[in-house]
Structures are given as C-alpha cells and as structure tokens.
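The block underneath contains the structure these notes are about, expressed in structure tokens.
Chains as they are written, first to last, in the working numbering: chain A, 6 to 244; chain B, -13 to 87.
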C-alpha cells in the first residue's frame, strides 16, 4: 500500500469510530428483536454484517418472527432499502473513470446512511480505501452490537428491554426528521404515513395482512401519490 | 434453523444488489421524474410507517411510547445525531415507566 492509500484508510477508520459507537448501541436493540425471532448470536452477527441496515434487518427479524414467505422477505428488503438505490446512484457519479469494477462493487456494498454521508462530504473522487477503513470499524461494531443484544438481552430486566427497544424508532426518527425540516412536503408525508399506518394497524379489515405487507402497500401507495402530485424539485440533490 | 439462514441470504442478496447495481450500471443520472420522486419519498414514508404505531406498541406503557415519539421527533428535528436521538428515546421510556408502572 502506498502512503497516500494508508493515509486514506486511516482517515476512513477514524471517521468510522464515532459511527461505530452509535451503531453498537442501536444494533444492541436490534439484537433484542433478533432474540425474539429466535436468532443465535452468530446468525445475528452474519445478518448484521451482510445486511448492515437497521430498517432492513428489522424487516428480517419481523418477517422471520412471523415465519412469512421468502418473496415477502425480498420485497420488504427492497422497499425498506430502496433509498440505497438513490445513494448508490449518487455515488456512481463521484467515481473516477479509472476506478476498477471490483472497487465499485465493494464501495457499493459499504453504503449505509452514515457511510454515504461521510463519503459524499469528502471532496473530489471517491477513494475506495477510505470507505473500506470506515466500513471495517463501523460494520464490526454494528455486528458485535447485534450479537451482544442477543446474548445480553436475555439477562436484562423487562424495564430495560422496554426502554432499549425504542432506540430503533429513535434512529428512524433521526433519519427522517432532518429532511422533514428542510422540505415541508416530507413533513406532511410523514404525518400522513403515521395516521394511515395507525388506521391500518387498528382496523379489523386489515387484521389478516401481515405488518410487512402493510408496510409495502402503504409505502407504495403514499410515495406514488406524492411523486405524482409533488414531483421532487431538486434534480441533483447531493445531501 | 435452516429457514433463518435462508431469510438472511435472501435479504443479503437483495440488499447487496440494491447497493451495488446503481454504482456499476448507472453511469448517468436517472432522468425519469416520477421514478426519481418516488425513490426520493420511499425512505421517509417507509420509516414513518414502521415507526408509528410500533413505537407505542413496543413499550409496556403507551404513554411512555408517545412521549418517546414526541421527544425523539423534537431531538431529530433539531438535527441531533442518530446516537443521541436513540438515547433520548430510551431515557424517556425508562424514566416514564419508572414513574408510571
């Protein structure tokens, strides 16, 4: 490795540490969910390392706990992770043309909300080695956190589990609210989503439909109507 | 047991394709306005649908869940970090259930 590459790797690793610390705590609460879905610590670690997405893994544990079909699993993963299509598309414009296909694939694999954010913040072309450094520490913390949640979740009092189980929802809020603040339409959509989701969960008509399928239907309907009525104005939104 | 690994595998393949395909296939920006807008709205709608009412069903006491939602929303609105928002929600629920239960 050349010195500049070592330097980029080190910078990535350094930027990945605070992300990893946050991941550990959130992954711990995911581990509690994983335990409810009868996942072993090893299965939790593998799932976290391969999927490394809070909402995506939440979907895995929900679908596995309900013993739903693999098609539903695939569609749920697609829906809750659809934002990575946009992030990956944005990143595709930031590659130097000489970047190898393998590096493109590996950088694509490392995309998470936070890693995307720190990648886009760096000026110039993407340095794949920087992403590998950040991903290494962040993904290990994330995966270890999940395993610890599965192991220690059993030892924890109900009250503490109850408190930690909302960490995930807090994280979801942290992902959506900053955008809601910037764009009123997003804030309105979130409110509409809350209301429709509540109605769907409480009406007996929808009782036979699984939570995962409800999420898919509501998302496709609400996002489609919004896309028709309020086409997103920004053509190239880099944030 | 085997099923668990199948769920992991299916999710891993799909999420990896989602992450990798655009980087390797799309060398130019997507032009279709509907698709762009739809993809833009999807994460916010999905995460909102998944958050509520699940957050009030996750706690032992519904009021604790509602307060966590309100405090978490305010903290997130003020651009607090992911880690901090998650901690605030946990603390609110812990304190509420200590007082209410």
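We put the CB at the ideal spot given by N, CA and C, even for glycine.
*Give the residues of chain B in contact with residue 69 of chain A, contact being defined as C-beta atoms less than 9 Å apart.*
Counting from 1 along the first chain, the entry for residue 69 of chain A is found at position 64. The contacting residues are -11, -10, -7, -6.
*Could you spell out where the alpha helix (DSSP H) holding residue 67 of chain A opens and where it closes?*
One-based indexing of the first chain puts residue 67 of chain A at position 62. Element bounds for residue 67 of chain A: 59 to 70.
*Is there a Cβ from chain B that is less than 8 Å from the Cβ of residue 141 of chain A?*
Reading the first chain from its first residue, position 136 is the one you call residue 141 of chain A. No, its Cβ sits nowhere closer than 8 Å to a Cβ of chain B.
*Go ahead and pull the three-state DSSP assignment for residue 205 of chain A.*
Here residue 205 of chain A is taken as the residue at index 200 of the first chain, counted from 1. Looking at residue 205 of chain A - three-state DSSP - the assignment turns out to be helix.
_Does any residue of chain B have a CB that is nearer than 8 Å to the CB of residue 46 of chain A?_
Taking the first residue of the first chain as 1, we reach residue 46 of chain A at position 41. No, its Cβ sits nowhere closer than 8 Å to a Cβ of chain B.
*Kindly list, in the order they appear in chain A, the residues whose Cβ is closer than 9 Å to that of residue 18 of chain B.*
Residue 18 of chain B sits at position 32 when you count from the first residue of the second chain. Simply none; closest approach about 10 Å.
*Where does residue 32 of chain A fall in DSSP's three states?*
Residue 32 of chain A sits at position 27 when you count from the first residue of the first chain. In the structure shown, residue 32 of chain A sits in a helix (DSSP, three-state: H, G or I).
*asked:* Which residue wins for smallest C-alpha separation from residue 134 of chain A, given the options A/151, A/155, A/110, A/93?
replied: To locate residue 134 of chain A, count along the first chain from 1; it is residue 129. Of the candidates A/151, A/155, A/110, A/93, the one whose C-alpha sits nearest the C-alpha of residue 134 of chain A is A/110.
*From residue -7 of chain B to residue 60 of chain A, what distance separates their C-alpha atoms?*
As a position in the second chain, residue -7 of chain B is number 7, starting the count at 1. As a position in the first chain, residue 60 of chain A is number 55, starting the count at 1. About 15 Å.
_Only counting the same chain, and skipping five residues up and downstream in sequence, which positions put a Cβ closer than 8 Å to that of residue 227 of chain A?_
Here residue 227 of chain A is taken as the residue at index 222 of the first chain, counted from 1. Once the five neighbours on either side are set aside, the close Cβ partners of residue 227 of chain A are 194, 197, 198, 201.
*Tell me whether residue 119 of chain A is buried or exposed, calling it buried when 16 or more other Cβ atoms sit within 10 Å of its Cβ.*
Within the first chain, residue 119 of chain A is the residue found at index 114, counting from 1. Counting Cβ neighbours within 10 Å, residue 119 of chain A comes out buried, since at least 16 surround it.
*State buried or exposed for residue 240 of chain A, treating a residue as buried only when at least 16 other CB atoms are found within 10 Å of its CB.*
As a first step, residue 240 of chain A must be located in the first chain, where it is residue number 235. In this prediction, residue 240 of chain A scores a pLDDT of 42, lower than 50, which makes its location untrustworthy; no coordinate-derived value is stated.
_Tell me which residue opens and which closes the alpha helix (DSSP H) that residue 76 of chain B is part of._
Position 90 of the second chain, counting from 1, holds the residue named residue 76 of chain B. Run containing residue 76 of chain B: 68 to 86, per the alpha helix (DSSP H) assignment.
*Which residues in the same chain as residue 8 of chain A place their Cβ atom closer than 7 Å to its Cβ, once the five residues preceding and following it in sequence are excluded?*
The count along the first chain starts at 1 and reaches residue 8 of chain A at position 3. Counting only Cβ-Cβ distances below 7 Å, and skipping sequence neighbours, we find nothing.
*asked:* Is it buried or exposed, residue 20 of chain A, if we count other Cβ atoms within 10 angstroms and call 16 or more buried?
replied: The sequence position of residue 20 of chain A within the first chain is 15, counting from 1. Residue 20 of chain A should be labelled buried.
_I'd like the span of the alpha helix (DSSP H) that includes residue 47 of chain A, first residue to last._
Walking along the first chain from the start, residue 47 of chain A turns up at place 42. Looking at the DSSP string, the run of the alpha helix (DSSP H) that includes residue 47 of chain A is 46 to 56.
_Bounding residues of the alpha helix (DSSP H) (the contiguous stretch that carries residue 82 of chain A)_ = Working through the first chain from its first residue, we reach residue 82 of chain A at position 77. That run of the alpha helix (DSSP H) goes 75 to 85.
*asked:* I want to see whether chain A comes within less than 8 Å of residue 0 of chain B, judged by CB atoms only; does it?
replied: If you number the second chain from 1, residue 0 of chain B lands on position 14. Output row for residue 0 of chain B: interface = yes.
*Close-in-space but distant-in-sequence residues of the same chain around residue 75 of chain B (CB under 6 Å, 5 per side omitted)*: Along the second chain, one-based indexing puts residue 75 of chain B at 89. Only 54, 58 meet the Cβ criterion.
_Start and end residues, alpha helix (DSSP H) containing residue 127 of chain A_ = As a first step, residue 127 of chain A must be located in the first chain, where it is residue number 122. Premise fails: residue 127 of chain A is in no alpha helix (DSSP H) and is neither H nor E.
*residue 242 of chain A versus residue 84 of chain B: straight-line alpha-carbon distance, rounded*: Reading the first chain from its first residue, position 237 is the one you call residue 242 of chain A. Reading the second chain from its first residue, position 98 is the one you call residue 84 of chain B. With a pLDDT of 46 at residue 242 of chain A, under the threshold of 50, the predicted position of this residue should be treated as unreliable, and no value is reported.
_Please identify the residue among A/100, A/137, A/89, A/91 whose C-alpha is closest to the C-alpha of residue 12 of chain A._
The residue labelled residue 12 of chain A in the question sits at position 7 within the first chain. Residue 12 of chain A has its Cα closest to that of A/137, out of A/100, A/137, A/89, A/91.
_Cβ-based burial, residue 74 of chain A [other Cβ within 10 Å; buried from 16]_ = Along the first chain, read from residue 1 onward, the residue named residue 74 of chain A stands at position 69. Under this definition residue 74 of chain A is an exposed residue.
_Can you pull out the residues from the stretch 26 to 41 of chain B whose beta carbon lies closer than 7 Å to at least one beta carbon of chain A?_
26, 27, 28, 29, 30, 31, 32, 33, 34, 35, 36, 37, 38, 39, 40, 41
*Cβ-based burial, residue 108 of chain A [other Cβ within 10 Å; buried from 16]*: By 1-based counting over the first chain, the position of residue 108 of chain A is 103. Its Cβ being crowded by 16 or more others within 10 Å, residue 108 of chain A is buried.
*Give a yes or no on whether the C-beta atoms belonging to residue 72 of chain B and residue 56 of chain A are separated by under 8 Å.*
In the second chain, residue 72 of chain B corresponds to position 86, counting from 1. In the first chain, residue 56 of chain A corresponds to position 51, counting from 1. The answer is no: Cβ separation not under 8 Å.
*Take the Cβ of residue 51 of chain B as the centre, count every other Cβ of all protein chains shown within 10 Å, and call the residue buried at 16 or more, exposed below.*
If you number the second chain from 1, residue 51 of chain B lands on position 65. Looking at its Cβ environment, which holds 16 or more other Cβ atoms inside 10 Å, residue 51 of chain B is buried.
*asked:* Just verifying my parser: in three-state terms, what is the DSSP assignment at residue 214 of chain A?
replied: For the purposes of this step, residue 214 of chain A is taken as residue 209 along the first chain, with counting starting at 1. Note: residue 214 of chain A maps to coil in three-state DSSP.
*asked:* Distance cutoff 8 Å, beta carbons only. Does residue 124 of chain A sit that close to anything in chain B?
replied: Sequence index remark: in the first chain, residue 124 of chain A carries index 119 (1-based). No, because no Cβ of chain B sits closer than 8 Å to the Cβ of residue 124 of chain A.
*Return yes when the C-beta of residue 204 of chain A is under 7 Å from any heavy atom of the ligand SAM, and no when it is not.*
Among the components of this structure there are no ligands whatsoever, and the ligand SAM is therefore not found.
*Measure the CB-CB distance between residue 32 of chain B and residue 31 of chain A and report whether it falls below 8 Å.*
To locate residue 32 of chain B, count along the second chain from 1; it is residue 46. To locate residue 31 of chain A, count along the first chain from 1; it is residue 26. No.
*For residue 136 of chain A and chain B, any beta-carbon pair shorter than 8 Å?*
Translated into the one-based positions of the first chain, residue 136 of chain A becomes position 131. No, residue 136 of chain A does not count as interfacial toward chain B.
*asked:* My assumption, with CB atoms under 8 Å, is that residue 81 of chain A sits in contact with residue 64 of chain A. Please give the rounded CB distance.
replied: The sequence position of residue 81 of chain A within the first chain is 76, counting from 1. The sequence position of residue 64 of chain A within the first chain is 59, counting from 1. Confirmed, about 4 Å.
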